[in-house]
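Worksheet: the structure to be examined is printed underneath.
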Amino acid sequence: MTYFNQIGTLVWKDLTSELRTKEMLSSMLIFSFLTTVVFNFAFDPDTETIKRVFPGIIWVAFSFAGILGLNRSFLNEKSNDCIMGLMLCTPDKGIIYLGKMLSNLIFIYIMEAITLPILFVLFDYRLKGSLLFLLLVIILGTWGFIAIGTFLSALAVNTKNSEILLPIILFPLVIPLLIAAVQASGSILSGGSWPEWSNWFKILVGFDAIFTVVPWLMFDYLLEV
Amino acid sequence: MGKRALGWITFVMVLVATYLVFMWAPNERIMGPVQKIFYFHVASAWVGFFAFLVVFIAGLAYLFTRKEKWDIIGASSAEIGVMFTTIVLITGPIWARPTWNAWWTWDPRLTTTLVLWFIYLAYLLIRSSIHEEEKRARFSAIFGIVGFIDVPVVWFSIRWWRTIHPVVVDASGFAISSKMVTTLTVSLIAFTFLYFYLLVNTALVEKMRAELRRLKEGVYQ
Chain A
2 MTYFNQIGTL VWKDLTSELR TKEMLSSMLI FSFLTTVVFN FAFDPDTETI KRVFPGIIWV
62 AFSFAGILGL NRSFLNEKSN DCIMGLMLCT PDKGIIYLGK MLSNLIFIYI MEAITLPILF
122 VLFDYRLKGS LLFLLLVIIL GTWGFIAIGT FLSALAVNTK NSEILLPIIL FPLVIPLLIA
182 AVQASGSILS GGSWPEWSNW FKILVGFDAI FTVVPWLMFD YLLEV
Chain B
1113 MGKRALGWIT FVMVLVATYL VFMWAPNERI MGPVQKIFYF HVASAWVGFF AFLVVFIAGL
1173 AYLFTRKEKW DIIGASSAEI GVMFTTIVLI TGPIWARPTW NAWWTWDPRL TTTLVLWFIY
1233 LAYLLIRSSI HEEEKRARFS AIFGIVGFID VPVVWFSIRW WRTIHPVVVD ASGFAISSKM
1293 VTTLTVSLIA FTFLYFYLLV NTALVEKMRA ELRRLKEGVY Q
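The listed protein sequences correspond, in order, to chains A and B. Read in order, the letters of the first sequence correspond to residues 2 to 226 in my numbering. Read in order, the letters of the second sequence correspond to residues 1113 to 1333 in my numbering.
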């Protein structure tokens, strides 16, 4: 099997098992929806406030729900020692990382595709900029979050309090990503032009590149027997 | 022997630095005596960043050589680094309140230090939640490396983030006299010696802890 075939097989395995249980997707969806509703109560929903906090709400909802998914990601592999089976399947641990990352990405993209319209509807927000660019920023921001998140999820799952540990070790590292994602989407939402958010775009791309390649290279060390 | 000498040098250097700070260096014209916190603040910040660089190097060295020594150095350095960063985060607001008239501003330097502090607290948390020695060493080495790679990204993103907003306070400026520069240099050197002295001692404690654990396991088996 080629490299990409092997990754594809792993992604397919994750998708199949998720389609049978739907536990990860449904909990992420409900949680992001709930976060949105809570924000509606936390901030007085008049148009002025919403305009200013809307990009922040999007990313808080996405990243909190994302943490839920990431926590499950390797916990499922731990039961029946599935992770050992995965490691025996391939000598290159980078494949496991990429496979897990891609399946996590697919789940969170599905969640975001459903949550985003709900957010716009509930807050009655009018988009001024280009929807295409907003989607691009969301895709890139989520990518970086999941890339480093999958790696740290594999690390945290081996500790005794994994589900509490993951958010604590993940959020400090993704702060630059969150700043860039919130600023870029804020600028696009209010109709800003490319020069206004080009720097943020560069940070997003840079972060994604660094934190896809570094975990991919280091996954061999993480999954040692 | 070497450790003793290091201890004495550190002691003398810290004494000299303290003398220079309080008796020799002139008061800053506008800020007055409160500016003297600057010498400890900057020196702690330097030691904090340096300690995290050591964590990064020790992490790499551990992954390549698998010697327990590097894990101990990394763990001790992270502990000391968190302590000095905490000092920075405490002395900073004490200095900022009378001079900037605000306890805290989201200035790039302050914010980066805060994020750094969180990253290395996470490092210590990872250490405390893994029991197997080999696994703990490997995981913390990995996190030490990834965390350090993140620091420049944090710095740039926060700098750009702040330039969009109006600058509330100008951090760049007070006229610094040559006596102040000398005092700062001496206190930087003194704190660096202090760092190494603490590192040697913390590493010793860590080593003894590991030995004790092994002895205990031997008894129970």
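From the three backbone atoms N, C-alpha and C, an ideal C-beta is built for every residue, glycine too. These numbers were taken from a predicted model, which means no experiment stands behind them.
Query	Result
What residues in the region 1133 to 1161 of chain B have a beta carbon less than 9 angstroms from any beta carbon of chain A?	none
Just checking: is the beta-carbon of Arg1239 of chain B within a distance shorter than 7 angstroms of some beta-carbon in chain A?	no
Determine, using beta-carbon pairs with one atom in the region 1263 to 1270 of chain B and one in the region 175 to 193 of chain A, whether at least three such pairs fall under 8 angstroms.	yes
With a threshold of 8 angstroms, are at least 3 pairs of Cβ atoms found where one atom belongs to the region 1207 to 1224 of chain B and the other to the region 1145 to 1159 of chain B?	yes
Does Glu24 of chain A come out as helix, strand or coil in the three-state DSSP assignment?	helix
Counting only C-beta atoms, is Lys1328 of chain B closer than 7 angstroms to chain A at any point?	no
Taking only the alpha-carbon atoms, compute the straight-line gap between Ser104 of chain A and Ala1302 of chain B and give it to the nearest angstrom.	52 angstroms
Going by beta-carbon coordinates alone, are Ile1257 of chain B and Arg1248 of chain B separated by less than 7 angstroms?	no
Taking the alpha-carbon positions, what's the Gly187 of chain A to Pro56 of chain A distance?	5 angstroms
Between Asp1183 of chain B and Ala1315 of chain B, what straight-line distance do the alpha-carbon atoms span, to the nearest angstrom?	10 angstroms
Can you check which of these residues, A:Phe63, A:Glu78, A:Ser64 and A:Ile51, is closest to Asn159 of chain A by C-alpha distance?	A:Glu78
Quick one: give me the first and last residue of the alpha helix (DSSP H) that Met1125 of chain B is part of.	Gly1114 to Tyr1131
Whose CA, out of B:Thr1295, B:Leu1233, B:Arg1326 and B:Leu1226, lies closest to the CA of Leu167 of chain A?	B:Leu1233
Have a look at Leu1172 of chain B and Ala1253 of chain B and give me their C-alpha separation to the nearest angstrom.	7 angstroms
Apply the 10 Å Cβ neighbour rule to Pro1138 of chain B and answer buried if 16 or more other Cβ atoms are within range, or exposed otherwise.	exposed
Under a CB-based cut-off of 7 angstroms, is Thr160 of chain A close to chain B?	yes
Would you call the CB atoms of Val138 of chain A and Trp60 of chain A closer than 7 angstroms?	no
Answer yes if the region 1294 to 1310 of chain B comes into contact with the region 1154 to 1165 of chain B, meaning at least three C-beta pairs across the two stretches below 8 angstroms, and no otherwise.	yes
DSSP three-state call for His1277 of chain B: helix, strand or coil?	Only weak support exists for where His1277 of chain B lies, its pLDDT of 47 falling under 50; the coordinates are left without a value.
Between which two residues does the alpha helix (DSSP H) containing Ser1188 of chain B stretch?	Glu1180 to Trp1212
Leaving aside the five residues before and after Leu136 of chain A along the sequence, list all residues of the same chain whose C-beta is less than 6 angstroms from its C-beta, in chain order.	none
Is it right to say Thr116 of chain A is buried, meaning 16 or more other beta carbons lie within 10 angstroms of its own, or is it exposed?	buried
Pick helix, strand or coil for Phe5 of chain A, following the three-state DSSP scheme.	helix
Is it a yes or a no for the region 209 to 225 of chain A touching the region 147 to 154 of chain A, going by three-plus beta-carbon pairs under 8 angstroms?	yes
Between the Cα of Trp1215 of chain B and those of B:Leu1201, B:Thr1225 and B:Val1317, spot the shortest distance and give me the residue it belongs to.	B:Leu1201
For a test of the three-state rule: what should DSSP assign to Gly193 of chain A, helix, strand or coil?	coil
Can you tell which of A:Arg53, A:Ile97 and A:Leu190 has its C-alpha closest to the C-alpha of Lys129 of chain A?	A:Leu190
Assuming Ala1129 of chain B and Ser1299 of chain B are in contact, meaning their beta carbons sit under 8 angstroms apart, how far apart are those beta carbons, in whole angstroms?	4 angstroms
Hey, how far is the Cα of Ala1283 of chain B from the Cα of Lys101 of chain A?	Model confidence at Ala1283 of chain B stands at a pLDDT of 49, short of 50, so the residue's coordinates are unreliable and nothing is read from them.
Taking the straight line between their C-alpha atoms, what separation do you get for Ala1163 of chain B and Ala1190 of chain B?	6 angstroms
Who are Gly1144 of chain B's beta bridge partners in DSSP?	B:Glu1140
Taking only beta-carbon positions, decide if Ala148 of chain A is within less than 7 angstroms of chain B.	no
Mind reading off the beta-carbon distance from Leu205 of chain A to Lys94 of chain A? Whole number of angstroms is fine, and I expect it under 8 angstroms.	With a Cβ gap of about 27 angstroms, Leu205 of chain A and Lys94 of chain A do not count as contacting.
So what's Glu1244 of chain B in DSSP terms, helix, strand or just coil?	coil
Between the C-alpha atoms of Val1279 of chain B and Thr1225 of chain B, what's the straight-line distance to the nearest angstrom?	Because Val1279 of chain B sits at a pLDDT of 46, beneath the cut-off of 50, its placement in the model cannot be relied upon, and the following sentence gives the value as read from the coordinates. Spanning the two alpha carbons is a distance of roughly 19 angstroms.
Using a Cβ cut-off of 7 angstroms (strictly closer), state whether Asp1262 of chain B contacts chain A.	yes
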